[in-house]
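Take 3 as the starting number for the sequence shown in this note's numbering and just add one per residue. We put the beta carbon where it would ideally sit given N, CA and C, even for glycine.
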Amino acid sequence: MATSLRMRALWVLAGLGLSFASGLHAQQSSAAHADVKVGSQVASVPLFATVNGKPITQNDFHAAYSAYLRQKFYHGQVPQDQLDQARKDVTDQLINRILYHEEIDRRGIKPDAEDVEKRISAYEQRYATSPVWQKNRESLLPGLKEQLDQQSQQVRLEQAVKKVPEPTVDEVKAHYGSKPELFTEPAKLRLHTILLAVDPSSPRAAWDAALREGEAIVRRIRGGASFAEQARLFSRDPSADNGGDLGYLHQGMMPESLQSKIDGFKLGEVADPIEMLQGVGVFRLDERISPKLQPFENVAGRARDLLLRDRQDKAWNDLIAKLRAEAKIVLLDNSVAQGEAKAGK
3 MATSLRMRAL WVLAGLGLSF ASGLHAQQSS AAHADVKVGS QVASVPLFAT VNGKPITQND
63 FHAAYSAYLR QKFYHGQVPQ DQLDQARKDV TDQLINRILY HEEIDRRGIK PDAEDVEKRI
123 SAYEQRYATS PVWQKNRESL LPGLKEQLDQ QSQQVRLEQA VKKVPEPTVD EVKAHYGSKP
183 ELFTEPAKLR LHTILLAVDP SSPRAAWDAA LREGEAIVRR IRGGASFAEQ ARLFSRDPSA
243 DNGGDLGYLH QGMMPESLQS KIDGFKLGEV ADPIEMLQGV GVFRLDERIS PKLQPFENVA
303 GRARDLLLRD RQDKAWNDLI AKLRAEAKIV LLDNSVAQGE AKAGK
């Protein structure tokens with residue numbers, strides 16, 4: 003099958019690190035193919051889906067899927083348990099792109115010409131020394147501008163849809179009262195520590211020696227020695243210069259295995275040595291502060307922002323749901339997506 007100049011331009015852009023899915027939306031000519039003009043000829047292109055009669059070609063899916071993998075997965079390899087979600091994400095992106103631009107056309111939204119020109123200039127500067135860019139520049143620029151125009155129009159569509167009424171003070175207070183977990187300062191602990199560093203790859207004998215050293219330090223502190231002095235002498239933690247004082251740590255800042263042990267500590271007592279990833283740790287729990295709901299006056303601005311964001315997201319999601327419910331969407335060849343995912347291309 004012949005390849006359109008536009009598709010070649012998009013592939014060159016992708017090779018430069020620019021991820022643009024094809025925008026080939028020629029009129030559908032059959033149940034499973036679309037006629038796409040290539041130079042002076044017309045090529046029959048296998049279809050992946052149609053949205054309100056507009057085609058998504060298999061090439062469209064391949065390009066979008068490859069870009070998705072580059073952005074989300076290391077070396078483009080999809081974990082087996084995420085194959086279905088990857089296919090769905092890419093398919094939804096392609097379908098939604100058509101629906102967005104139908105809505106943009108209905109609303110008569112124009113791109114921000116000044117911003118698009120600035121972005122094109124930025125690409126020109128970024129790839130000024132690239133032989134690939136210089137060789138293909140004239141054929142790339144029209145496709146690049148079209149893609150940037152579409153992105154700009156979508157941004158403006160989102161801005162228009164998300165322009166929701168400012169919440170009232172009473173509405174903000176109700177939001178604060180209905181979701182106290184968003185405005186509650188988590189529990190905090192104040193700890194002192196002494197870290198006896200051990201390389202994770204060290205033999206068991208090194209870990210046992212560190213444990214014995216930790217036990218000796220604990221005995222000295224329990225016998226009256228200064229924790230701070232022992233930390234300055236033996237700890238390899240950055241807190242050693244401060245006598246081992248870690249300050250206040252929020253719940254969840256420490257590894258779960260360590261947190262579960264610290265939760266059982268008694269205030270003021272020096273605990274037995276604990277093996278950790280970095281070595282052997284000696285800890286003293288100095289203070290435990292319970293979770294605290296912040297007064298509304300202190301978080302009113304944040305409560306307002308969160309409520310406004312929730313309403314904006316709902317407005318956008320409602321539009322997407324409405325457009326999809328009203329659209330005629332036909333998936334013609336899901337095996338294409340399945341084959342791409344299995345190949346991990």
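Check residue i in the structure and name its three-state DSSP category.
i      : result
Ala327 : helix
Glu277 : strand
Ser42  : Any reading at Ser42 is ruled out, since the residue's pLDDT is 43, under 50, leaving its predicted position unreliable.
Leu184 : helix
Lys168 : Residue 168 is actually Glu in this sequence, not Lys. DSSP places Glu168 in coil when its eight states are reduced to three.
Ala69  : helix
Gln79  : coil
Lys190 : strand
Leu334 : coil
Leu198 : strand
Lys137 : helix
Lys316 : helix
Thr93  : helix
Lys56  : strand
Ala305 : helix
Phe267 : coil
Ala130 : coil
Gly179 : helix
Gly145 : helix
Between the options, which lies nearest to residue i when the distance is taken from Cα to Cα?
i      : options                           : result
Ile223 : Ala273, Leu49, Tyr102 and His252  : Ala273
Glu217 : Ser259, Phe63, Leu146 and Phe285  : Phe285
Ala88  : Ile97, Lys74 and Arg99            : Lys74
Lys147 : Val332, Asp107, Asp117 and Val134 : Asp117
Arg304 : Gly225, Arg109 and Val171         : Val171
Lys353 : Leu85, Glu160 and Pro144          : Since the first and last residues shown for the chain are 3 and 347, residue 353 lies out of range.
Phe236 : Phe298, Ile219, Lys316 and Met256 : Ile219
Arg206 : Pro293, Asn300 and Glu277         : Glu277
Glu119 : Asp107, Pro144 and Arg109         : Pro144
Thr59  : Lys316, Gln79, Val80 and Thr93    : Thr93
Asn300 : Tyr250, Leu184, Val80 and Arg313  : Leu184
Asp107 : Gln156, Gln127 and Ser123         : Gln156
Arg221 : Ser203, Pro275, Tyr250 and Val80  : Pro275
Quick one: what's got a C-beta closer than 7 Å to residue i's C-beta in the same chain, skipping five residues either side?
i      : result
Leu325 : Leu101 and Glu105
Arg91  : The sequence shown places Asp at residue 91, not Arg. So the qualifying residues of the chain are Tyr70.
Ser32  : Low confidence applies to Ser32: its pLDDT is 40, below 50, so where it sits in the model is not reliable, and the reading given next is rough at best. Answer for Ser32: no residue qualifies.
Ala208 : Val200
Asp315 : none
Tyr125 : Leu146
Val332 : Ala51 and Thr52
Gly41  : For Gly41, the pLDDT reaches just 42, beneath the cut-off of 50, and the residue's location in the model is therefore unreliable, although a value from the coordinates is still provided. Taken in chain order, the list of residues that qualify is empty.
Answer yes or no: do residue i and residue j have a C-beta to C-beta separation smaller than 8 Å?
i      : j      : result
Glu289 : Arg192 : yes
Asn54  : Lys330 : yes
Pro169 : Leu295 : no
Leu248 : Ser259 : no
His103 : Gln152 : yes
Val174 : Ala302 : yes
Leu334 : Thr52  : yes
Arg121 : Leu150 : yes
Pro293 : Thr186 : yes
Ile264 : Met256 : yes
Go through its chain and collect everything with a Cβ distance to residue i's Cβ below 8 Å, but skip five positions before and after it.
i      : result
Phe229 : His194, Ile196, Ile223, Gly245, Gly246, Val272 and Arg286
Trp318 : Glu160, Val163 and Lys164
Leu269 : Leu287, Asp288, Glu289 and Arg290
Ser2   : No answer is possible for residue 2: it lies beyond the span of the chain, which begins at 3 and ends at 347.
Given residue i, which residues of its chain have a CB within under 6 Å of its CB, disregarding the five upstream and five downstream residues?
i      : result
His252 : Pro188 and Lys190
Arg238 : Leu197 and Ala199
Ala233 : Ile196, Ala242, Gly245 and Gly246
Asp114 : Ser154
Phe267 : Ala273 and Leu287
Asp210 : none
Arg313 : Val166
Asp83  : none
Arg1   : Residue 1 lies beyond the stretch modelled for the chain, which goes from 3 to 347, so this question has no answer here.
Tyr250 : Lys190 and Arg192
Heavy atom of the ligand FAD less than 7 Å from the Cβ of residue i, yes or no?
i      : result
Val157 : Questions concerning the ligand FAD fall outside what the structure shown contains, since it holds no ligand whatsoever.
Q: Please confirm if the region 153 to 168 is in contact with the region 132 to 140, defined as three or more CB-CB distances below 8 Å between the two stretches.
A: Cβ pair count under 8 Å is below three, so no.
Q: For the region 304 to 320 and the region 178 to 185, state whether three or more C-beta atom pairs, one from each stretch, are separated by less than 8 Å.
A: Of all C-beta pairs linking the region 304 to 320 to the region 178 to 185, three or more are shorter than 8 Å, placing the two stretches in contact.
Q: State whether the region 200 to 215 contacts the region 273 to 282, with contact taken as three or more CB pairs (one from each stretch) at a distance under 8 Å.
A: By the C-beta criterion, the region 200 to 215 is judged to be in contact with the region 273 to 282, since at least 3 inter-stretch pairs fall below 8 Å.
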